[in-house]
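Read the structure below first, then the notes.
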Amino acid sequence: MFDNSLGSLYRMSNAKTRSICAENPTGELGMGAMAEPNGEGAGAKLGKGWKIKPCIKVKAGETAVLADYSGSGIIKHIWMTADSRMSRAGVLRFYWDGEDEPSVEVPFADFYAMGHGKRYDVNSLPVVVNPNGGMNCYWPMPFRKGFKITFTNDHFEEVRGFFFQITFDEMEVEDDAAYFHAQWRRSMTTREYPEHVIVADIKGKGQYVGTYMAWMQYSDCWWGEGEIKFFMDGDGEYPTICGTGTEDYFGGAWNFGGDYKTTFARNYSTPFLGLPYSEISEGKVPKHSMYRWHVMDPIRFDKELKVTMQALGWWPNGKYQPLTEDIASVAYWYQTEPHVSFPAFPELDDRWSR
């Protein structure tokens with residue numbers, strides 16, 4: 005196996021690097037920058053071979069096929085950007101080896117750890133977001149027969165500039181390589197059931213590698229006493245892995261450095277853990293974005309997995325208070341195929357949370 009880390013860049017490989025974008029929609033050898041100028045646009049006077057088609061347009065209600073490739077290999081890097089209105093109005097779907105149902109189904113911005121319709125920097129290892137909305141993904145994504153990636157515009161207006169670059173290596177894939185999956189969910193917790201389901205009904209063998217959460221706080225003061233729980237391989241009422249608090253799971257401690265009564269927090273963005281965004285101001289609902297990448301500590305399971313997060317705060321008497329909160333999340337994992345069908349994807353009105 006070719007290790008694509010910094011320490012092995014000097015090693016030779018038989019892999020062949022290809023990249024799909026609007027300028028080379030098939031990624032084939034020598035097929036880039038072939039768009040014909042039509043007398044319009046910024047590159048009209050430069051002619052063929054210049055910057056004629058750097059992006060695509062996606063009409064309202066339309067699904068654009070960004071890539072449809074046949075062969076074996078591993079996606080190494082994805083870069084995208086679009087109008088900020090596409091945060092949850094756009095939907096990304098990834099399909100491996102000709103499957104009918106997606107293995108990745110996530111709103112456009114949430115896939116890159118950007119929630120609440122906001123733009124902010126994310127400086128992690130597998131996901132990097134740079135000014136102003138340059139979204140980068142480094143999760144390796146193996147495929148054996150091919151892959152298809154689509155973008156659906158559920159907004160009521162056309163996207164006039166959707167930019168993307170999908171770079172992969174054509175190569176043989178090892179027998180033990182699992183397939184990348186990502187699923188988005190949103191729920192409103194209640195005092196009767198103060199728990200958000202991050203993912204459920206994963207069946208098969210694999211490893212859980214990441215969580216992103218966009219949390220809207222409808223309670224006063226501190227909101228992050230809830231525990232994350234991993235139920236796996238026959239667990240019943242009680243999980244095998246149980247966290248100690250929301251901020252603890254995301255690598256922080258003691259209210260993310262905030263004051264207990266005001267919940268002001270210190271933002272941070274590190275290779276594997278982060279609270280890159282918090283909006284806490286008078287007259288607005290507090291919002292928080294958090295990620296935890298299990299790159300160094302993947303959660304391995306043999307048969308099944310379910311992951312949940314509690315929503316707990318404090319009563320004035322020092323007892324835990326169940327909270328009603330608006331929580332959206334993305335679960336990232338690798339597993340053997342086939343996978344269980346995802347829940348029906350929410351309509352646009354059920355995705356907005358601003």
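Each residue of the sequence shown is one higher than the last, beginning at 5 in the working numbering.
Note that CB positions come from ideal geometry on N, CA and C, so glycine has one too.
### Task
Quick one: using the 10 Å Cβ neighbour count with 16 as the cut-off for buried, is N157 buried or exposed?
buried
### Query
How far does the beta strand (DSSP E) with T312 in it reach, from first residue to last?
308-314
### Task
With a floor of 4 residues, list each alpha helix (DSSP H) that falls wholly inside the region 88-171, ordered by position along the chain.
90-93
### Message
I believe Y336 touches K122 by the beta-carbon criterion, under 8 Å. Please report the beta-carbon distance rounded to the nearest angstrom.
### Response
About 21 Å; that fails the 8 Å criterion.
### Message
If distances are taken between C-alpha atoms only, which option among W188, V126, K52 comes closest to F349?
### Response
W188
### Query
Can the beta-carbon of F172 be found closer than 9 Å to that of Y99?
no
### Beta-carbon spacing of K80, Y142 below 9 Å
yes
### Task
With D252 as the anchor, note down where its alpha helix (DSSP H) starts and where it stops.
250-253
### Task
Find out if the Cβ-Cβ distance for the pair F346, Y212 is shorter than 9 Å.
no
### Query
Straight-line CA distance for A186 to K49?
43 Å
### Task
On the DSSP bridge assignment, give the partners of R410 in chain order.
Outside the displayed span of the chain (5 to 358) sits residue 410, for which this structure offers no information.
### Query
Between which two residues does the beta strand (DSSP E) harbouring W219 extend?
210-220
### Message
DSSP three-state label for A348, please.
### Response
coil
### Task
Since I believe L279 is in contact with M300 (beta carbons under 8 Å), could you give me their beta-carbon distance rounded to a whole number of angstroms?
At roughly 19 Å, the Cβ-Cβ gap does not stay under 8 Å, so M300 and L279 are not in contact.
### Exposure label - M5; buried when at least 16 CB within 10 Å
Its pLDDT being 47, under 50, M5 is placed unreliably by the model, and the measurement read from it follows with that caveat. Per the 10 Å Cβ criterion, exposed.
#### Entry: Cβ-based burial, W319 [other Cβ within 10 Å; buried from 16]
exposed
### Query
Straight-line CA distance for L96 to S88?
15 Å
### Message
I'd like to know if the region 130-139 and the region 33-52 are in contact, where contact means that at least 3 CB-CB pairs between them fall below 8 Å.
### Response
no
### Message
Please state the DSSP three-state secondary structure of N259.
### Response
helix
### Query
Any idea if F115 is buried or exposed, counting beta-carbon neighbours within 10 angstroms, 16 or more meaning buried?
buried
### Query
Taking contact to mean at least 3 C-beta pairs separated by less than 8 Å, is the region 233-247 in contact with the region 175-182?
no
#### Entry: Local conformation of S76 per DSSP, three classes
coil
### Message
Within 10 Å of its beta-carbon, does D330 have 16 or more other beta-carbons around it, so buried, or fewer, so exposed?
### Response
buried
### Message
What does the alpha-carbon distance come out to for the pair Q325 and M118?
### Response
28 Å
### Message
Could you compute how far the alpha carbon of V108 sits from the alpha carbon of K307?
### Response
20 Å
#### Entry: Per-residue DSSP class, three states only, for S273
strand
### Message
Does S282 come out as helix, strand or coil in the three-state DSSP assignment?
### Response
strand
### Task
Under 8 Å by Cβ, that's how I've got F112 and M90 pegged, so tell me the actual separation to the nearest angstrom.
5 Å
### Start-to-end residues for the beta strand (DSSP E) that takes in V203
199-207
#### Entry: Cβ neighbours of T85 in the same chain (closer than 7 Å, five flanking residues each side left out)
G137, G138, M139, F167
#### Entry: Three-state secondary structure assigned by DSSP to L70
strand
### Task
Work out the CA separation of F260 and V126 for me, nearest whole Å.
17 Å
#### Entry: Beta-carbon contacts of M354 that lie in its chain and below 8 Å, excluding the five residues immediately before and after
What sits at residue 354 in the sequence shown is Asp, not Met. Counting only Cβ-Cβ distances below 8 Å, and skipping sequence neighbours, we find R190.
### Query
Rounded C-beta distance between Y338 and G210? I'm assuming under 8 Å.
5 Å
### Message
Using CA atoms only, rank isn't needed, just tell me which of Y222, K20, L309 is closest to K288.
### Response
Y222
### Three-state class that DSSP yields for D237 in the structure shown
coil
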